[in-house]
Structures are given as C-alpha cells and as structure tokens.
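Residue numbering for the first sequence follows this note's numbering, starting at -12 and increasing by one per position. What follows is a set of notes on a single structure, which appears directly below.
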Amino acid sequence: MVQKKLDNSYYLADDVVALAKDLVGKELHVKTDLGHRSGIIVETEAYSYLERGCHAFDNKLTARTEPLFMTGGIAYVYLCYGIHHLFNIVTNIEDKAEAVLIRAIQPNLGFDPEELKPSSRITSGPGKLSKALGIGLNHNKISLTEDTIWLTEPVGNSMDVVASKRIGIDYAGEDANLLWRFTAKNSPWVSKKM
DNA sequence: ATTAAGATGCGCT
DNA sequence: GCGCATCTTAATA
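In structure tokens, the structure reads:
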C-alpha cells in the first residue's frame, strides 16, 4: 500500500482554522535517530497573526517567530517553559503568519507494544509527542515535502471532529474563547485537560 | 542588564 | 486536583 505524501499546496490555504480541523485524522511521519515513526493526528489548535494567542500577533517578527512568516509547509518547533518542544505546521503564504499546533497523536508505526496502549499516554500532549517522535529544535523550518517530517492521507475513513477552546492561553483575552482546538471524537489519545 | 511570564508535564496528596 | 520545576524569550512588569 502506497501512502501519498500531502502536496505542499495543501498548506497554503488561507483558512488556518479549517486546515486545523482537516489535519485531524492525517498521519504524521518522522524520521530521526529513533527510526521511522508515525501516528494519527487526533488533536490540533489553530493560531493566526489576527489574534492574540499567536506568537506572531500583530505581525510581531522576532528571531523566534520568523518561521511563521515563511511560506506554508514547513515545521515550526520552539521550546516552551524551557523544557518542552512544541511542534507546529506553518500554513498560508509568505508574510501571513499562521500555524497549526499538533497537540496529540495516536502512535502507529515504530513504537513499542507498551507505547501503543492508550494508558501509556506516550503522545498525549504537545511536549510529549515531540519527545516521543524525536522532534527537536533542529527540525525548525524544515520543509514537510522532505523525507524527515511529512504527512500522508489517513488509511481508513475520516474521523468525527469536535471543536473546543484552546488551552493555556488565558492571556489572550477574548481570543482565548475561540473554538480553535480540534479533537478526534472519542479518542483516548487527546490530552485530558478541557 | 535584568526579569516576568509562558501554546507544559510531572509528581505528590 | 494542585503546585512546582526549569529556561528561553522579549519586555523593561
């Protein structure tokens, strides 16, 4: 069975919220020292320069947010709380800073049997999934059309997706109430907090 | 130069 | 369920 890599034009859509929803159910592949690992995306969040939750709100360009302003289809990895690597997919065209944060996946290829149990919670959280897949700062800005990190269409049929409020961005004021978080319905792999 | 705060996760109760 | 570790970033709190 051949899994087709998503074309780069997929990431250039102007509607980051619709894209975040569509990404739930896609399969994420990563090749690192840990080998080739993959998982089904079950939780995402949308971020846009139009709202305060985003690092690049009001087109704030810094050394850290630079990748967000680049053409869609690249990875944006940064360190949060000095400990956790958070993996985002940059979307939209150049200078329109938008991204989708991958918050949780369901392990598929390259994991130990123990880790494939939902109770392991090995990938249920943005920091944990990056660690489990071996994603680090060295993956920042790499293109998703290369054979390091890429997405494929899901093998099975589409999943039911539920919208909810984003997590951990109370400082964003009104924008914190946006229903820009998308989770796979009934999946045991989504991060628990609501 | 200094420091407050953060798109979190862990360990303990 | 709650508190804290831990360190980079960006504002100067």
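Cβ atoms here follow ideal geometry from the backbone N, Cα and C, with glycine treated the same way.
{"Check": "Could you spell out the range, first to last residue, of the alpha helix (DSSP H) harbouring L183?", "Outcome": "This structure does not reach residue 183, given that the chain is present from -12 up to 181, and the question cannot be answered."}
{"Check": "With H, G and I counted as helix, E and B as strand and the rest as coil, what does DSSP make of P94?", "Outcome": "strand"}
{"Check": "Under 9 Å, do L116 and I92 count as touching if we go by C-beta distance?", "Outcome": "yes"}
{"Check": "For L66, write down the residues that DSSP places opposite it in a beta bridge.", "Outcome": "H72"}
{"Check": "Any idea what DSSP makes of K172, helix, strand or coil?", "Outcome": "coil"}
{"Check": "What does DSSP give as the partner residue(s) for T31 in the beta ladder?", "Outcome": "I89, F169"}
{"Check": "Using only alpha-carbon positions, find the residue among V4, D1, L66, K47 that is nearest to I122.", "Outcome": "L66"}
{"Check": "Taking all protein chains shown into account, decide if V142 is buried (16 or more other Cβ within 10 angstroms of its Cβ) or exposed.", "Outcome": "exposed"}
{"Check": "Once you ignore the five residues that flank S107 on each side, which residues in its own chain have a CB closer than 8 Å to its CB?", "Outcome": "E101"}
{"Check": "Taking the continuous beta strand (DSSP E) assigned at L138, which residues delimit it?", "Outcome": "136 to 139"}
{"Check": "Residue range of the alpha helix (DSSP H) that S151 falls in?", "Outcome": "From DSSP, S151 is part of no alpha helix (DSSP H) but of the beta strand (DSSP E) over 148 to 151."}
{"Check": "Ignoring anything shorter than 4 residues, give me the alpha helix (DSSP H) runs that lie fully in the stretch 100 to 129, in order along the chain.", "Outcome": "113 to 120"}
{"Check": "Which of helix, strand or coil does DSSP assign to G26?", "Outcome": "strand"}
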